[in-house]
Amino acid sequence: MKNSMKVFVLLMCALFFMACVGAPNEQTSNSGKPPTANDPNKKIKIGFAMDTLKEERWVRDKDAFEAHCKQLNVECVITVADNKSEKQANDVDNLLTQGVNVLVIAPHDATQAASMVEKAKAQGVPVISYDRLINSDKIDLYVSHQVPVIGRKIAEYALQKVPKGNYVMVYGASTDNNAVIMQKEQISVLKAATDSGDIKIVANQFITDWKPEEALKMVENALTQNNDKIDAVVVSNDGMAGGVISALEKRGLAGKVLVTGQDAQKEALQRIAQGKQTMTIYKPIIPLANKAVEAAISLAKKEPLTGAQPFRKDTSGKDVPAILLEVVVVDKDNLMTTVIKDGFAKFEDVYANVPADQRPKQ
Amino acid sequence: MSENKDFVLGEEKKNTFNLQTSTLRAYTMIGALALIWIYFHWATGSIFLTPRNLSNLMLQTSVTGILAVGMLMIIVAGQIDLSVGSVLGLAGGIAAICFTNLDYGLAPSILAAIAVGVVIGIIQGSLTAYLNIPAFIVTLGGLLAWRGAVKGITRSETIPIADPTFKSFGQSYIPPNIGWILAALAILFVVFMAFKSIKAQKKFGSGGTNPTNELLKTLLPIGAIVGFIYVMNAYAGVPIPVLILLAVALLGYFITNHTTFGRYLYAIGGNADAARLSGINNKLNILKVFALLGALTGIASIIFTARVGSAAPDAGTLKELDAIAACVIGGASLMGGRGTIFGACLGALIMASLDNGMSLLNVRDFMQEIIKGSILVAAVGLDMAGKKQN
Numbered sequence: 151m152k153n154s155m156k157v158f159v160l161l162m163c164a165l166f167f168m169a170c171v172g173a174p175n176e177q178t179s180n181s182g183k184p185p186t187a188n189d190p191n192k193k194i195k196i197g198f199a200m201d202t203l204k205e206e207r208w209v210r211d212k213d214a215f216e217a218h219c220k221q222l223n224v225e226c227v228i229t230v231a232d233n234k235s236e237k238q239a240n241d242v243d244n245l246l247t248q249g250v251n252v253l254v255i256a257p258h259d260a261t262q263a264a265s266m267v268e269k270a271k272a273q274g275v276p277v278i279s280y281d282r283l284i285n286s287d288k289i290d291l292y293v294s295h296q297v298p299v300i301g302r303k304i305a306e307y308a309l310q311k312v313p314k315g316n317y318v319m320v321y322g323a324s325t326d327n328n329a330v331i332m333q334k335e336q337i338s339v340l341k342a343a344t345d346s347g348d349i350k351i352v353a354n355q356f357i358t359d360w361k362p363e364e365a366l367k368m369v370e371n372a373l374t375q376n377n378d379k380i381d382a383v384v385v386s387n388d389g390m391a392g393g394v395i396s397a398l399e400k401r402g403l404a405g406k407v408l409v410t411g412q413d414a415q416k417e418a419l420q421r422i423a424q425g426k427q428t429m430t431i432y433k434p435i436i437p438l439a440n441k442a443v444e445a446a447i448s449l450a451k452k453e454p455l456t457g458a459q460p461f462r463k464d465t466s467g468k469d470v471p472a473i474l475l476e477v478v479v480v481d482k483d484n485l486m487t488t489v490i491k492d493g494f495a496k497f498e499d500v501y502a503n504v505p506a507d508q509r510p511k512q
Numbered sequence: 146m147s148e149n150k151d152f153v154l155g156e157e158k159k160n161t162f163n164l165q166t167s168t169l170r171a172y173t174m175i176g177a178l179a180l181i182w183i184y185f186h187w188a189t190g191s192i193f194l195t196p197r198n199l200s201n202l203m204l205q206t207s208v209t210g211i212l213a214v215g216m217l218m219i220i221v222a223g224q225i226d227l228s229v230g231s232v233l234g235l236a237g238g239i240a241a242i243c244f245t246n247l248d249y250g251l252a253p254s255i256l257a258a259i260a261v262g263v264v265i266g267i268i269q270g271s272l273t274a275y276l277n278i279p280a281f282i283v284t285l286g287g288l289l290a291w292r293g294a295v296k297g298i299t300r301s302e303t304i305p306i307a308d309p310t311f312k313s314f315g316q317s318y319i320p321p322n323i324g325w326i327l328a329a330l331a332i333l334f335v336v337f338m339a340f341k342s343i344k345a346q347k348k349f350g351s352g353g354t355n356p357t358n359e360l361l362k363t364l365l366p367i368g369a370i371v372g373f374i375y376v377m378n379a380y381a382g383v384p385i386p387v388l389i390l391l392a393v394a395l396l397g398y399f400i401t402n403h404t405t406f407g408r409y410l411y412a413i414g415g416n417a418d419a420a421r422l423s424g425i426n427n428k429l430n431i432l433k434v435f436a437l438l439g440a441l442t443g444i445a446s447i448i449f450t451a452r453v454g455s456a457a458p459d460a461g462t463l464k465e466l467d468a469i470a471a472c473v474i475g476g477a478s479l480m481g482g483r484g485t486i487f488g489a490c491l492g493a494l495i496m497a498s499l500d501n502g503m504s505l506l507n508v509r510d511f512m513q514e515i516i517k518g519s520i521l522v523a524a525v526g527l528d529m530a531g532k533k534q535n
């Protein structure tokens, strides 16, 4: 009996491991990594140290980055740090060992990534800070969207639609520099209105790890606290907006209260089409990834960068070269002319939950 | 380990108040909860103890509470499960994929989530029990592996749930009159159990208590049931997740107190060798308890997904620690052999009360974390100090 049980368990383990080995296989075929270089032509080799693939948007970054590398006939090696600084540091070491010509880093932690920059620069490898700004004056380029502008645009939109009333502010993770920048910008836009008393901020909170369920609980509690008298919830990303809208739905308030977002995730676009979420910020990913690849090639070839502007870093007060791309406000009125037109989202996906007769014409 | 013998043998030490130590612990915890509630009620300007907020509070307890019930049984058996958060994410993700992407319908999607939990529980349980890999290691591996699996199957996308029936598992309320019917049934059950215990005592002549005392004892639970339904109905009715939590807690109470399986768990956690030598199949029981936690995690994942309205690839991160903390605050010992379902649920409620109250007070995120961490350590410290005195 005992032996048969052991055999059974071992068999199950074997099955389990087979399943495990099976799954990553599918993944690699998916990511379509280029074959490792034995290339006689000595292709340029770009290392891209990513932080996470947990959110849809980073998957898009990865896909776009790979596609553009392929198109421009350069090799790229991509690592993913699973939201861990120490793994990212190891990844960067490994990329440098593999002899990349240029390094693109989407840092997990802006400050800890500075030591990675030091290391790369010591080996003469130029570094691009991708999407998130690394806390180092030595980076060769910062490629991103206009982050301060995102916070500003969200707050301005809210202020324009709801010039008076009770506001709830749902910020991102306080460990994320972008969340802090957005918070500062939002507050500065709303300052005149809060000073005059037109707007009252009745609750404000940084949400640990941008968790939707934490945002849900926060807004549930804010609604209780204020007896449902809330006119706008200024949310810093779409994931949390989902949680916020669940809280509003429970009180029959979805669609009646302004809810903002960021990232233009598919589910957020669906909610905008249904009228439950008011707006989101669309950051075209493909131009960002393309710009990064093109700039990386220029740096590897030691050519001058086109379109780079000096960007003043808050932390050191020094300038770093930067390419900052435009962001777009998306609401119910311009879904068709922005995300759908760009091929960022499919028409049938966005309007999946809207009855056919109420959909706009394609 | 010697402290656990009290439980295995079923006779506890009495203290100066002439109460069993576990009963005293329960009263202390209820007292602590009352203090927390009164403080928050005062600090929030009389908002905390309104029916509406209490309804929210119970809702916010439900997922952690269900996980804590399963975790308690694991901890009592001297094991640990660190993979709960990842399994919650995976089961929820699979339910959402079955439901939204594959259109399998509601019941199959829910069953899929529970099945995923059970299968993972069986895998981890058998690795622990039959291959003697410590549960800490098996489930630490699980924490990573299952999270990876969620990211893989969802392709790191958040999968929305649009259907109102699915969402109702997280967001709806039971109509007030049905709430009262359930309350009536619960009261009947309590009274029935009291009569049964009187009868048993007469038959076996074990207890010296008289029947009137036994009936008076039912007044407390009856009062609690009526009060609870009254407060919930004063807002919108009992939230469905809370009803599920109550059902799970009752089931857990029944298993731990009235089944051989449940008693075996205490015996195994108290002294594994003694349990084995007295003829208990330790390995099979450990496998079973992991499968049970898996099933409960599957149920919790449905509520979690329905409440947020989507399945995110990072859903449930750190939930295992919430569940473990709830058990420990509720008086469970990580050495095994000690802990009650009631304590674990109360622990979950205390944690949720702190979250809810601090959120109402708009306490900054970093302070919330510091306070929760300190209270966790303080609760166990007090518990230990209390035990020493006995």
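Which chain is which? The protein sequence lines are X and L, in order.
Whatever position you read off the first sequence (first residue = 1), add 150 for this note's numbering.
Whatever position you read off the second sequence (first residue = 1), add 145 for this note's numbering.
Just so it is clear, CB atoms sit at the ideal spot from N, CA and C, and this is done for glycine as well.
Computed from a predicted model, the values in this text were never measured in an experiment.
Judged by beta-carbon spacing, X:Val385 lies beyond the 7 Å limit of X:Gly425, meaning their Cβ atoms are not closer than that value. Rounded to whole angstroms, the separation of the alpha carbons of L:Ser301 and X:Leu438 is 20 Å.
By DSSP's assignment, L:Ala456 forms a beta bridge with L:Ile304. With a threshold of 7 Å between beta carbons, L:Leu505 makes contact with chain X.
For X:Cys226, the enclosing beta strand (DSSP E) stretches over residues Glu225 to Val230. Between X:Thr247 and X:Val383, the alpha-carbon positions lie close to 48 Å from each other. With a threshold of 16 other beta carbon atoms within 10 Å, X:Pro505 falls short and is exposed.
For L:Thr401, the uninterrupted alpha helix (DSSP H) run begins and ends at Ile385 to His403, by DSSP. Within the DSSP secondary-structure output, X:Val330 pairs in no beta bridge. Between L:Arg483 and L:Pro386 a beta carbon distance of about 28 Å is seen, past the 8 Å cut, so the two are scored as non-contacting. By the Cβ test, the segment 214 to 230 of chain L is in contact with the segment 274 to 288 of chain L, since at least three Cβ pairs between them sit closer than 8 Å.
Pairwise C-beta distances place the segment 267 to 286 of chain X out of contact with the segment 300 to 316 of chain X, as fewer than three of them are shorter than 8 Å. X:Thr428 and X:Val409 have their alpha carbons spaced roughly 5 Å apart.
L:Ile268 sits away from L:Ala257, with the two beta carbons spaced by 7 Å or more. Within chain L, the residues placing a beta-carbon under 7 Å from that of X:Pro362 are Val453 and Ala457, ordered along the chain.
The beta carbon of X:Val394 does not come within 7 Å of any beta carbon belonging to chain L, so the residue lies off that interface. Counting C-beta pairs closer than 8 Å gives three or more between the segment 284 to 299 of chain X and the segment 257 to 267 of chain X, which meets the contact rule.
For the pair L:Pro309 and X:Glu364, the Cα-to-Cα distance works out to about 21 Å. Considering only beta carbons, the part of the segment 301 to 334 of chain L lying closer than 7 Å to chain X consists of Ser301, Glu302, Thr303, Pro305, Ala307 and Gln316, in chain order.
Counting C-beta atoms within 10 angstroms of its own C-beta, X:Leu203 has 16 or more neighbours from the protein chains shown and is therefore classed as buried. X:Gly301 counts as buried, since no fewer than 16 other beta carbons sit within 10 angstroms of its beta carbon. X:Gln420 is the residue among X:Val242, X:Gln420 and X:Ile255 whose C-alpha sits nearest the C-alpha of X:Lys482.
According to the DSSP assignment, X:Tyr317 belongs to the beta strand (DSSP E) that extends over Gly315 to Tyr321. Counting only runs of 3+ residues, the beta strand (DSSP E) found wholly inside the segment 232 to 265 of chain X occupies 252 to 255, in chain order. At a cut-off of 7 Å between beta carbons, X:Leu366 contacts chain L. In the DSSP annotation of this structure, X:Ala353 is not part of any alpha helix (DSSP H); the continuous beta strand (DSSP E) holding it starts and ends at Ile349 to Phe356. Around X:Ala353, the beta-carbon contacts reaching into chain L at under 7 Å are Asn507. With a cutoff of 7 Å on beta-carbon distance, L:Pro458 and L:Thr299 are scored as near each other. The DSSP assignment places no complete run of the beta strand (DSSP E) inside the segment 195 to 281 of chain L (cut-off: 3 residues).
Residues of the segment 174 to 207 of chain L with a Cβ closer than 8 Å to any Cβ of chain X, in chain order: Thr189, Ile192, Thr195, Arg197, Asn198, Asn201, Leu204 and Gln205. With a threshold of 7 Å between beta carbons, L:Asp418 makes no contact with chain X. In its chain, beyond the 5 residues on either side, Ile380, Ala397 and Arg401 have a beta carbon closer than 7 Å to the beta carbon of X:Leu373.
Within the same chain, Gly322, Trp360, Gly411, Gln412 and Asp413 come within 8 Å of X:Asn387 by CB-CB distance, once the 5 residues on both sides are set aside.
Take L:Pro196, set aside five residues on each side of it, and the residues of its chain with a beta-carbon closer than 6 Å to its own are Val376, Ala379 and Tyr380, in chain order. Distances from the alpha-carbon of L:Asp510 to those of X:Ser324, X:Pro313 and X:Glu236 put X:Ser324 closest. Closest in C-alpha terms to L:Lys428, from the list L:Val263, L:Phe406 and L:Ala445, comes L:Phe406.
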